[in-house]
Amino acid sequence: MSSTRALPFLLVLGLAIPALPASAQPVSLVPKWELEIGSWFTTTETNIRADRAVGDLGTEFDVEDVLGLDDSETVLRLSLARRLGRRHQLRLRHSEFSRQGQRTIPVEIDFQDTTFPVNVVIATEWDFTFTDLGYTWFFSLDDDTAWGLGLAVANWDFDIALSASLAGTPGDLREEVRIDELVPEVGLSLRQRLGEKLIFRAGVSGLTAEVDEDTIDVLSAVLRLDYRLFRNAGIAVAALYSEVEYDAAGAGDFIGRYEYTVSGVQVFVPLTFD
């Protein structure tokens, strides 16, 4: 399910579920501990251009269309958050997944120092690891509403390897690109109680950063509903959209441009402890 289809679904679901009767002890908006385990059901779009040198441009292409990588995946998601005092929270998140593909390419591809000719069969390995450490200050917090301002440092680690064999040519053609950057982000979040056990969350974060000579643009947005089946456990569903645009001017090993967009639905189990 794409993000454009999932966002209206979440909004309708939030309006359709009636508010539950008030309780003397409703679940906390910001618990002392939050552990979340679940999956993303994602749709991805990836474009890359790997240059030989500054000014010597490679071929820009769509990884899913040209190399045959799946554009949808199920991805494990882990998150741990700890409230400090009443208004401060630290959070650690992690997810990773891999894709493989094999396809006869319809065009010649210049990829770093290697030229892959038309009609050669390319095998592709694509690995992605995301880890971020974030801090949120809830500048407005009461029993029903919490507004937070967040700062985070995210590590985006992409590994892309292309390999092929040519008939009559000894050895393999192979090139590998690794993009490993620490990216700062700022964001705004909302938690709104809709009932004793039902909480709506929304958040947006991003930044344009200059890292050495490279430029990184990041944007993420999420809408989420949490329903507590029990006081310390529940189920949550969220619609997510995130994109990264990375222009590398030669400060590191990679020179070129990388664009990555992921959207979809998250379903996970939140465990909370006060």
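Oh and the sequence shown: position 132 is 260 in the numbering used here, straight run, nothing missing.
Where a beta carbon is used, it is the ideal one built from N, C-alpha and C, also for glycine.
| Query | Result |
| --- | --- |
| Ordered along the chain, which non-local residues of its own chain (more than five positions away) have a Cβ less than 6 Å from that of residue 389? | 173 and 371 |
| Sorted by chain position, which residues of the same chain lie with C-beta nearer than 7 Å to residue 407's C-beta, five sequence neighbours on each side aside? | What the structure shows of the chain is the stretch from 129 to 402, and residue 407 is not part of that stretch, so it cannot be assessed. |
| To the nearest angstrom, how far is it from the Cα of residue 149 to the Cα of residue 274? | Because the pLDDT at residue 149 is just 41, under 50, the model does not fix this residue reliably, and the value given afterwards should be weighed accordingly. If you take the alpha carbons of residue 149 and residue 274, they lie about 20 Å apart. |
| Does the beta-carbon distance from residue 256 to residue 187 come in below 8 Å? | no |
| Just checking: is the beta-carbon of residue 200 within a distance shorter than 8 Å of some beta-carbon in chain D? | The structure shown has no chain D; it contains just one protein chain. |
| So what does DSSP say about residue 399, is it helix, strand or coil? | strand |
| Which of helix, strand or coil does DSSP assign to residue 341? | coil |
| Taking the straight line between their C-alpha atoms, what separation do you get for residue 322 and residue 201? | 32 Å |
| Classify residue 338: buried if its beta carbon has 16 or more other beta carbons within 10 angstroms, exposed otherwise. | exposed |
| Under the rule that 16 or more other beta-carbon atoms within 10 Å means buried, what is residue 356, buried or exposed? | buried |
| Decide if the stretch 233-248 is in contact with the stretch 206-223; the criterion is three or more beta carbon pairs, one per stretch, under 8 Å apart. | no |
| Quick one: complete beta strand (DSSP E) runs, 3+ long, within the stretch 300-346? | 300-321 and 326-339 |
| With DSSP as the reference, please indicate the residues paired to residue 391 in a beta bridge. | 171 and 369 |
| Can we say the stretch 161-180 touches the stretch 388-402, given the rule of at least three CB pairs closer than 8 Å? | yes |
| State buried or exposed for residue 108, treating a residue as buried only when at least 16 other CB atoms are found within 10 Å of its CB. | Residue coverage of the chain in this structure runs from 129 to 402, which leaves residue 108 outside it and unanswerable. |
| Measuring CB to CB, does residue 335 end up less than 8 Å from residue 350? | no |
| Going by DSSP, what residues sit across from residue 283 in a beta bridge? | 259 and 310 |
| Would you give the residue range spanned by the alpha helix (DSSP H) that residue 195 belongs to? | 191-195 |
| Taking the DSSP output, what are the residues bridged to residue 240? | Partner(s): none; residue 240 has no beta bridge. |
| With the cut-off set at 8 Å, would you say residue 324 and residue 159 are in Cβ contact? | no |
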